[in-house]
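Chains U and C are the protein sequences, given in the same order. Position one of the first sequence corresponds to residue 1 (this note's numbering), numbered consecutively onward. Position one of the second sequence corresponds to residue 1001 (this note's numbering), numbered consecutively onward. Ideal Cβ placement from N, Cα and C applies to all residues, glycine included. Keep in mind it's a predicted model, so treat the numbers as computed, not measured. Since the structure comes first, as structure tokens, the remarks are kept for the end.
There are 2 protein chains.
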Amino acid sequence: MAQQAQFEELARQLSAFGAVKRDLGRILPSDCPAGSAGVLTLLSRHGDMRMSKLAELLSVDMSVTSRHVTHVAERGWIERAPDPADKRSRILRLTPAGEAKVCELSRRSTELLAERLSDWSDDEVGQLIRLMTRLRASFGDCRTTHSRATPTGATAPVIETTTRTPA
Amino acid sequence: MAQQAQFEELARQLSAFGAVKRDLGRILPSDCPAGSAGVLTLLSRHGDMRMSKLAELLSVDMSVTSRHVTHVAERGWIERAPDPADKRSRILRLTPAGEAKVCELSRRSTELLAERLSDWSDDEVGQLIRLMTRLRASFGDCRTTHSRATPTGATAPVIETTTRTPA
DNA sequence: TATTGTTATACTCTATAACTATA
DNA sequence: TATAGTTATAGAGTATAACAATA
């Protein structure tokens, strides 16, 4: 358990961290804002999925996800195929053009980070990634569904507060 | 120098980090959004300062700073005193009500972090703070003015790209 | 009746540019 | 002519709520 002064400092760092995100956003293609880039990157990493799953990975409301998805679909970077198992759902899938876009995005962000972090060691970058991942987990675990089947078939009784507008 | 796969992962973490910031933003008082909270916190930490200095600390354009400052001034949390040394400038100063607001903000964010990071060690939180600070520096150093006098009186010849709208 | 996804609306944050008043 | 600060405008991101289609 850390101390109060540390939490205040951490809150300050989180508040100021937007500047880094904005810098990273400035290198994006003009037709692919951050929201669209997030959609493409996650589809590339995790493969085809439904809207609800994507909204969960993005940690935003599904209404927001829907807009981002519409944007990238209009540009031909993804396809929305009907889900044979549930006619309400749609399966999102990267098109070849979308995959190309993902490569471009990856190249741009990697170049910027390689330039900015040229004096960072491999280990330091790894440490930061590890701690950021853990911080996200510490926040996300209290609202993301964790009702995944265990090896015994039991499910964790976690209250599910999805990324859904309360109806 | 880190590897390409690490940079891709770091870019993903940065992209997803907005969720943590949003969680932190949800605990703010309804009359004090994140922009206002940033102004108050920085004034509390660094003491009285001018608009331009505040904009630099916030890493946003001065036009943005001006709006946030107007918001907190209208609520009586800061005062804008004329600068005797330069009639164009104004000195920003926290009022007692502003100091009280800072305490409330600090209390709220500290409580949330203490709850979410209850299983983090003191050292881990310190590590995260250190690495986030360094990452911000690695990004900010290429646009913040560093023309500070050295012990010998010389100044670093760094191109100054301030937080100013190009006129 | 509950869930998946869409759309309309409103709010916050940001940058750009034009404007003022001083320097 | 240049700088400090303000304001107007536009764009992106998000949440809430109402809605349609399906389970």
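If you draw a straight line from the Cα of residue 26 (chain U) to the Cα of residue 1119 (chain C), it is about 36 Å long.
Looking at the backbone, the Cα of residue 62 (chain U) and that of residue 55 (chain U) are separated by about 5 Å. Below the 9 Å Cβ cutoff, chain U contributes no neighbours of residue 1069 (chain C), its closest Cβ being approximately 16 Å away. Under the rule that a run must span 3 or more residues, the beta strand (DSSP E) segments found entirely inside the region 1069–1102 of chain C read 1078–1082 and 1090–1094.
Against chain U, the CB of residue 1125 (chain C) has a partner CB under 8 Å away; the residue lies at that interface. Within the region 5–21 of chain U, those residues whose Cβ lies closer than 8 Å to any Cβ of chain C are, in chain order, 6, 7, 8, 9, 10, 11, 12, 13, 14, 15, 16, 17, 18, 19, 20 and 21.
Against chain C, the beta carbon of residue 106 (chain U) has neighbours under 7 Å at 1008, listed in chain order. At a Cβ-Cβ threshold of 8 Å, residue 1051 (chain C) and residue 1069 (chain C) count as neighbours. The beta-carbon of residue 1129 (chain C) is placed less than 8 Å from the nearest beta-carbon of chain U.
According to the DSSP assignment, residue 1060 (chain C) belongs to no alpha helix (DSSP H), since it is labelled neither H nor E. A straight line joining the alpha-carbon of residue 1128 (chain C) with that of residue 132 (chain U) spans about 8 Å. Between residue 23 (chain U) and the set C:1059, C:1006, C:1042 and C:1028, the nearest pair of CA atoms involves C:1059. In this structure the region 32–42 of chain U touches the region 64–84 of chain U; the number of beta carbon pairs closer than 8 Å is three or more. A distance below 8 Å between beta-carbons, with the five flanking residues on each side excluded, links residue 73 (chain U) to the following residues of its chain, in chain order: 79 and 80. At the C-beta level, residue 20 (chain U) and residue 1010 (chain C) stay beyond 8 Å of one another. Around the beta carbon of residue 1098 (chain C), 16 or more other beta carbons lie within 10 angstroms, which makes this residue buried. Using a CB distance cut-off of 8 Å, residue 98 (chain U) does not count as an interface residue toward chain C.
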